[in-house]
Amino acid sequence: MKPVRVLFLAISTLAVAGCGTNTDEDAQKCDVNSTFAQIQEQVFEARGCTESNCHGDSPQSGLDLRADVAYENLINVVGVAGSGDLKLVSPLEEELSVLYLKVRAKADGSSLSAQGIGGGAMPVGGDVLSDDDLGLLRAWIRGGAPETGIVKGSEEFATCALEGEIVPNKIQPLAPPAADEGVQFYSGAWPVPAQGEGEVCFVSYYDYSDSIPEGLKVPCKDAQGGPDRDCFAYNEILLAQDPQSHHSIVEFYVPPQGKEAQWDPTNGAEWKNWVCLGGESDGASCTPGSDECGDRSQCVTAPITTVACIIYGNGPDELGTPLGLFGIAQERQNIATAQEATFRERYPTDVYSLIPVQGFIVWDSHAFNLTESDTTVEQWMNVEFAAPEAQVYERRQIFDAGDIFSMGMIEAFTSNEVCTSYTIPQHARLLTLSTHTHRYGKRFRVWYPPNDSCAPGPDCLPEERDPDYISRDYADPLYQRFFEPDLPVYDSPDPRERTFKYCSLWDNGETNPEEVRRESTKPDAETCDFVAAFRGFAAGAGFEVFACGCAPEERSCFGGPNQGMACNGDDSLCGDGGICDACPTGGGVTTEEDMFILLGSYFVQAP
């Protein structure tokens, strides 16, 4: 079966109709200082959507888009007349925003009914939003849909010079589920400085023993702490995080057998430095599991710069195992691996996962801030209960990182493609598939079975047939999601019929020399100190990873007449306009180095 990209949309109906004009006015000078204000002028007003018979003082379907009320009428507002849980504008995700889907449908002719949305496309009449109009809306929504400030990237779609402060993208808090429908986990707000990057680890403690209905509690399995502990089952996750995030890996920690004392968050020998993260009490000592930190804050073990929580110092030694980098640490069980600002996974009927009723959430968060303003990253995760009768097949994770650093050294101004394979268990049903690289990963391809198994090397090459998956944006990789009755099925006893081949192309400035890895743009000192410590740790485990920047003997000329020539740290060898600054790249843990991971989920339906 050849998969296609599926847009995750709840079934919905919205009777909001769009209105437009046929005027073709000359581009006017920007007299606004925010992306949303530009949308108000360029889209809502220029297209006639604020006229009285459309969405003005006699608004269709009650939606008033005039400037003084448009924002509050759009953000996280559920559509009318059976639109399900789809919002008019769902910050961070245009594919869950009815407003965007309706105006896009008018432009590209896509079927709204096929996406479960009722009513007509927008605007009505002969008017159609331009590519710039759609791009402006999309950039604003994916940037968190803020009311003020310029969303980075939106200025290129404005019909005039949109000038103002590029602000970090912050989202509105995610509303928690009803008490009898699910629970919410919140990370707190960890800081990311202007023009900064970081990956941190920290842990929060929770206890839902008194709030989860008794009828929804089930004995845990060994992976969750054993049958003497209570768990709850879930079949849906919705994670929302600030768009600065590169990834969020959310897990729960399970103390190993014989170390039951680790279940106590006040055990100072195992859990250290509980502090408020974010809010007015940021940095203050706190009691784990309490609400004493106040609004937009969480009591957590103090964040530490690390990768995959390796060598994390504020929790048990078992939490910081290097196996966490490969997703196989038994003490850390995955809940979500999200590279999207809004990540949603709904399981098919009878599929579920388990979480302890009381325990520890591990937050592994990697973010970069490209603006001139300091900011924070917050995450909210809603987990919806699964009824006892729906608990038949347990959801499993794909985190194939055995060849994570197999790209080797990629010299400056060159590229390299590496392939490997993954075999899914017999009787598996595929739910999701995605991939993970860093900034030099320019093309990730996956071929669904049948394939021969292979390991990185000269004999493991891309297939000649068209790939079933292709992604070209490391910061926003393609997610494939599958739904009943069209789940890919892998029942064959032949491993070849269950083997995926996947390949990534890394380009270190060969296509665009301006994108070459450079010594002068290496990460900040704190990150590089961790990388240096991790590099020695990885070497002891048999892995070679790159340090920040590169040594003089590894450098080549950037710019000038001798670009690409070895220069050993001597700018004079590079000629006019050139500097000795270009570096090779390869496997590593910041966005200046790279990774190679296949991600996804499935369940096994054995006969």
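Under this note's numbering, the very last position in the sequence shown is 721; numbers go up by exactly one each time.
Cβ atoms here follow ideal geometry from the backbone N, Cα and C, with glycine treated the same way.
Judged by pairs of C-beta atoms under 8 Å, the region 623-630 does not touch the region 605-615, as fewer than three such pairs exist. Contact between the region 599-610 and the region 691-705 is absent, with fewer than three C-beta pairs closer than 8 Å. By the criterion of a C-beta distance shorter than 8 Å, residue 439 is surrounded in its chain by 421, 422, 424, 515 and 518, once the five residues flanking it on both sides are discounted.
As the crow flies, the alpha-carbon of residue 663 is around 23 Å from that of residue 690.
Residue range 311-321 is occupied by the beta strand (DSSP E) that includes residue 320. Secondary structure within the region 565-639: the beta strand (DSSP E) runs of 3 or more consecutive residues, fully enclosed, are 583-585 and 613-622 (chain order). According to the DSSP assignment, residue 545 belongs to no alpha helix (DSSP H) but to the beta strand (DSSP E) extending over 542-550. Per DSSP, the unbroken alpha helix (DSSP H) holding residue 152 starts and ends at 149-153. Classified as exposed, residue 380 has fewer than 16 neighbouring CB atoms from the shown chains inside 10 Å of its CB. In the three-state DSSP reduction, residue 266 falls in the coil class, being neither helix nor strand. For the 9 Å CB-CB criterion, residue 510 and residue 717 form a contact. The closest CA to that of residue 417, considering only 569, 429 and 619, is found on 429. At the C-beta level, residue 283 and residue 341 stay beyond 9 Å of one another. Taking the CA atoms as reference points, residue 370 sits about 13 Å from residue 473. Scanning its chain for C-beta atoms nearer than 8 Å, with the 5 sequence neighbours on each side dropped, one finds around residue 400 the residues 388, 389, 390, 406, 407 and 413, in chain order.
Between residue 419 and residue 644, the C-beta spacing is below 9 Å. Residue 575 and residue 226 have their C-alpha atoms roughly 40 Å apart. Beyond the five residues adjoining it in sequence on each side, residue 376 comes within less than 6 Å, by CB distance, of 369, 384 and 430 in the same chain, given in chain order. Between the region 307-319 and the region 475-488, the count of Cβ pairs shorter than 8 Å is three or higher; the stretches touch. Inclusion of residue 504 and residue 463 in the CB contact set at 9 Å is warranted, their separation being smaller than that value.
Contact check for residue 301 against residue 159 fails: the beta carbons are separated by 9 Å or more.
When C-alpha distances from residue 687 are compared across 703, 670 and 201, the shortest belongs to 670. Here residue 442 carries a coil assignment [DSSP, helix/strand/coil]. Residue 426: not part of any beta strand (DSSP E); DSSP gives it neither H nor E.
In this chain, residue 208 is not harboured by any beta strand (DSSP E), its DSSP state being neither H nor E. For residue 304, the uninterrupted beta strand (DSSP E) segment begins and ends at 296-306. Residue 309 is positioned such that its CB atom lies closer than 9 Å to that of residue 483.
Taking the Cα positions, residue 446 is about 9 Å away from residue 338.
When DSSP states are grouped into helix, strand and coil, residue 401 belongs to the coil group.
In this structure, the CA atom of residue 214 is about 6 Å from the CA atom of residue 208.
The closest CA to that of residue 320, considering only 281, 332 and 298, is found on 298.
Around the Cβ of residue 543, a 10 Å sphere holds 16 or more other Cβ atoms; the residue is buried.
Residue 365 carries a strand assignment under DSSP once its states are collapsed to helix, strand and coil. At a Cβ-Cβ threshold of 9 Å, residue 710 and residue 555 count as neighbours. In this structure, residue 210 keeps its C-beta atom at 9 Å or more from the C-beta atom of residue 348. Beyond the five residues adjoining it in sequence on each side, residue 581 comes within less than 7 Å, by CB distance, of 559, 560 and 561 in the same chain, given in chain order.
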